[in-house]
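In terms of the numbering used here, the sequence shown is numbered consecutively and its last residue is 246.
Quick reminder that beta carbons are idealized off the backbone N, C-alpha and C, glycines included.
Only a predicted model underlies this, so the values are computations on that prediction, with no experimental measurement involved.
Notes for the one structure printed next.
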Amino acid sequence: MPVGVPKVPFEFFEGEDLDEEKKSTRLHRERLIFLGKPINKESGNLVAGLIAYLSTNDSTRDIFLYINSPGGLMRQGMAIYDLMHAAPVDVYTVCMGKACGMACFILFGGAPTKRIAFPHAWVMMRQPRGKFSKIRKRHPLKEIEVLFYLRNQMEEAYARHTHKTRQVIHDDIQRMAYMSAEEAQAHGIIDIIGDDTLGKYDEYDEEN
39 MPVGVPKVPF
49 EFFEGEDLDE
59 EKKSTRLHRE
69 RLIFLGKPIN
79 KESGNLVAGL
89 IAYLSTNDST
99 RDIFLYINSP
109 GGLMRQGMAI
119 YDLMHAAPVD
129 VYTVCMGKAC
139 GMACFILFGG
149 APTKRIAFPH
159 AWVMMRQPRG
169 KFSKIRKRHP
179 LKEIEVLFYL
189 RNQMEEAYAR
199 HTHKTRQVIH
209 DDIQRMAYMS
219 AEEAQAHGII
229 DIIGDDTLGK
239 YDEYDEEN
């Protein structure tokens, strides 16, 4: 069962098997992914794996990634961000509560014009978290070097796509900038404020 995906009842056609696994994976078959937990090794790999599977299984239909997460580890968040950009389909990102730290970066990493926040959602830019592996505890300086490199890559991506200077982005991350949906839109983190994303999904699904 993928992390953060709620089990919801689903009306099956007459005669169709009512297997619980089918119910729990229905959202995935409809190309809806929920990131509703902190980003760690487990949740990061599962979300990345779902994006990889869904985008290669059907390269004609976009994916909707709903986010309500306090953020988490930088490596796993960057992996999701990179995979979204490498996928042959567009990934809608939708903040439906909060998106902090790396969750904010994933929200920001959605396809252009397809980054959405609900009206009462909020985001926070902050320093990403790193975690030393057991092996790399022997080489802490190398680990720190890698984390600084990834942070620089993140700041460059923010600056490039928000058209803000690196210094502005750096200061936002340092001071843990909280933003409402309106402020996030003005800052270039999202494109649209709205609560009709499921309507957008229905329209898109009918077209495809």
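Which of the three DSSP states is assigned to G135 in this structure? G135 falls in the strand class under three-state DSSP.
Report yes or no: do three or more beta-carbon pairs, one from the stretch 181-191 and one from the stretch 127-144, lie closer than 8 Å? Below 8 Å, too few C-beta pairs join the stretch 181-191 and the stretch 127-144 to call them touching: fewer than three.
Within its chain, find whatever has a CB closer than 7 Å to the CB of N78; leave out the 5 residues flanking it on each side and keep chain order. Non-local C-beta neighbours of N78 in its own chain, meaning closer than 7 Å and more than five positions away in sequence, comprise G110, L111 and Q114, ordered along the chain.
Buried or exposed: where does A224 fall if 16 or more other Cβ atoms within 10 Å of its Cβ makes it buried? Residue environment: A224 is assigned as exposed (fewer than 16 neighbouring CB atoms within 10 Å of its CB, all protein chains considered).
Can you give me the C-alpha to C-alpha distance between G147 and Y119, rounded to a whole angstrom? Cα to Cα, G147 sits roughly 6 Å from Y119.
With distances taken from CA atoms, which of E193, M162 and S218 is nearest M116? Per the Cα distances, E193.
For the beta strand (DSSP E) that V127 lies in, which residues bound it at each end? Note, V127: premise wrong, no beta strand (DSSP E); not H, not E.
Our contact map puts Y216 next to W160 with C-beta atoms below 8 Å; I'd like the distance itself, whole angstroms only. Indeed they touch by this definition, with Cβ atoms about 6 Å apart.
Specify the secondary structure class of H225 as computed by DSSP and reduced to three states. Helix.
Which same chain residues end up closer than 7 Å to H208 when comparing Cβ atoms and leaving out the 5 residues on each side of it in sequence? By the criterion of a C-beta distance shorter than 7 Å, H208 is surrounded in its chain by E193, once the five residues flanking it on both sides are discounted.
Who pairs with M162 in a beta bridge, going by DSSP? DSSP lists C138 and Y216 as the beta-bridge partner residues of M162.
N78 (DSSP reduced to helix, strand or coil): N78: coil per DSSP, three-state reduction.
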